[in-house]
Amino acid sequence: MNVLVIDDHSLFREGLRLLLAELGFGIDTQIAGSCEEGLEKLRARPADVVLLDWHMEGLSGADAMVAIRELVPQARQIVLSGEKSAALVRTAIDNGAVGFIAKDSEPETLLLALNTIASGGIYLPATLLSGPARTTPAGESHLPSELTHAFPELTQRQGDVLAAILRGLPNKVIARELNISDQTVKSHLSVIFRQLNVQSRTEAVYVCARQGVRIA
Numbered sequence: 001m002n003v004l005v006i007d008d009h010s011l012f013r014e015g016l017r018l019l020l021a022e023l024g025f026g027i028d029t030q031i032a033g034s035c036e037e038g039l040e041k042l043r044a045r046p047a048d049v050v051l052l053d054w055h056m057e058g059l060s061g062a063d064a065m066v067a068i069r070e071l072v073p074q075a076r077q078i079v080l081s082g083e084k085s086a087a088l089v090r091t092a093i094d095n096g097a098v099g100f101i102a103k104d105s106e107p108e109t110l111l112l113a114l115n116t117i118a119s120g121g122i123y124l125p126a127t128l129l130s131g132p133a134r135t136t137p138a139g140e141s142h143l144p145s146e147l148t149h150a151f152p153e154l155t156q157r158q159g160d161v162l163a164a165i166l167r168g169l170p171n172k173v174i175a176r177e178l179n180i181s182d183q184t185v186k187s188h189l190s191v192i193f194r195q196l197n198v199q200s201r202t203e204a205v206y207v208c209a210r211q212g213v214r215i216a
C-alpha cells in the first residue's frame with residue numbers, strides 16, 4: 001500500500017513515517033511538506049491513502065482535499081489536525097475524508113488509528129462515536145471484512161455504492177466506477193440511508209466507523 005503524508009511540520013511527518021513502518025503491512029510511505037509538493041508526488045505516483053494536515057500555508061483544508069480527489073479520486077483521505085472540534089471533524093467528513101486523527105493523540109492512539117486505516121477501516125475520535133453498535137454473531141470478527149457482513153440487508157451492489165461513499169467518491173465517479181447511471185447511484189443511496197437510518201453521507205461514515213467496518 002502506498003501512503004502519502006502531507007504535513008508542514010517535519011518532525012510530525014517523519015514520526016508518522018516511522019509509525020507506519022512499525023505496522024508491518026508492507027506500507028511504502030512518501031512525505032511532503034505542503035499540498036503543492038504532495039500533488040507533485042501524486043502525479044508521479046498515485047497513493048492509496050493520503051494523510052493530510054488540515055491547517056497549512058498555501059493550499060490547505062477543503063481546497064486541498066478537492067485537489068487531491070480530482071488528481072487521485074481513488075485515494076482515501078485522512079485529515080490530521082491539532083484542532084479536534086466536532087465541527088471540524090464533520091467538515092472533513094463532509095468533504096470526503098474517511099478518517100480524522102488529532103495531532104495531540106498519544107502514540108498508542110496514533111498506532112491504533114494508523115492500524116485501523118491501514119487495515120481498510122475508518123478512524124474517528126472515540127468521543128464522536130458514542131451510540132449503540134450492532135451486535136455481531138458469535139464466532140464472527142468484530143471487524144467485518146465486508147460491508148455486507150455488517151449490513152446484511154444491503155445487496156452486493158448497494159454495498160459497492162456504500163464502500164465508494166466511504167472512500168469519499170462523488171456520485172459521478174461512483175457511477176463511472178460501477179458502470180451505472182447517476183440516477184441509479186441516487187436510488188441506491190436512498191436505500192442505503194434508509195437501511196442505516198441516516199440522512200447523509202457524513203452520518204453514514206459515522207455509523208460505519210462505529211460499526212468497525214472495513215472499506216477494503
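Just so we're aligned: 49 in UniProt numbering is position 49 of the sequence shown, and the numbers increase by one with no gaps anywhere.
Heads up, the beta-carbon is just placed ideally off N, CA and C, and yes, glycines get one too.
The structure presented is a predicted model; accordingly, all values stated were derived computationally and were not measured.
Suppose contacts are defined by Cβ-Cβ distances below 8 Å. Is Ile101 in contact with Leu71 by that definition? no
Residues of its chain near Gly131, where Cβ-Cβ distance is below 8 Å and the 5 sequence neighbours each way are ignored: Bear in mind that the predicted position of Gly131 carries a pLDDT of just 49, short of 50, making it too unreliable to give a figure here.
Round the Cβ separation of Val3 and Leu51 to the nearest angstrom and send it over; I've been treating them as touching at under 8 Å. 7 Å
With three or more C-beta pairs closer than 8 Å as the rule, is the region 177-188 touching the region 82-97? no
What does the Cβ neighbour count give for Ala92, buried or exposed, with the cut at 16 atoms within 10 Å? buried
With a threshold of 7 Å on Cβ separation, who are the neighbours of residue 249 within its own chain once the five nearest residues in sequence on each side are excluded? Beyond the ends of the chain as shown, which are 1 and 216, falls residue 249; an answer cannot be given.
Simplified DSSP state of Val198, which is helix, strand or coil: coil
Burial state of Thr116, where buried means 16 or more other Cβ atoms lie within 10 Å: buried
Cα separation between Pro73 and Val173? 8 Å
Within the same chain, show all residues whose beta-carbon is closer than 6 Å to that of Arg76, passing over the 5 residues directly before and after it, in chain order. Val49, Val98 and Arg167
Can you have a look at Gly159 and say buried or exposed, based on whether 16 or more other CB atoms are within 10 angstroms of its CB? buried
Are there 16 or more other CB atoms within 10 angstroms of the CB of Val148, so buried, or fewer, so exposed? Per the sequence shown, the amino acid found at residue 148 is Thr instead of Val. Thr148 should be labelled buried.
Three-state class that DSSP yields for Thr109 in the structure shown: helix
Buried versus exposed, by CB contacts within 10 Å (16 or more), Gly61: buried
Could you tell me the distance, in whole angstroms, from the CA atom of Cys208 to the CA atom of Ala163? 10 Å
Can you tell me whether Phe193 is helix, strand or coil according to DSSP? helix
Here's the rule: buried if 16 or more other CB atoms are within 10 angstroms of the residue's CB, otherwise exposed. What is Arg13? buried
Best match in His55, Ile6, Ile192 and Ala118 for proximity to Glu37 [C-alpha to C-alpha]: Ile6
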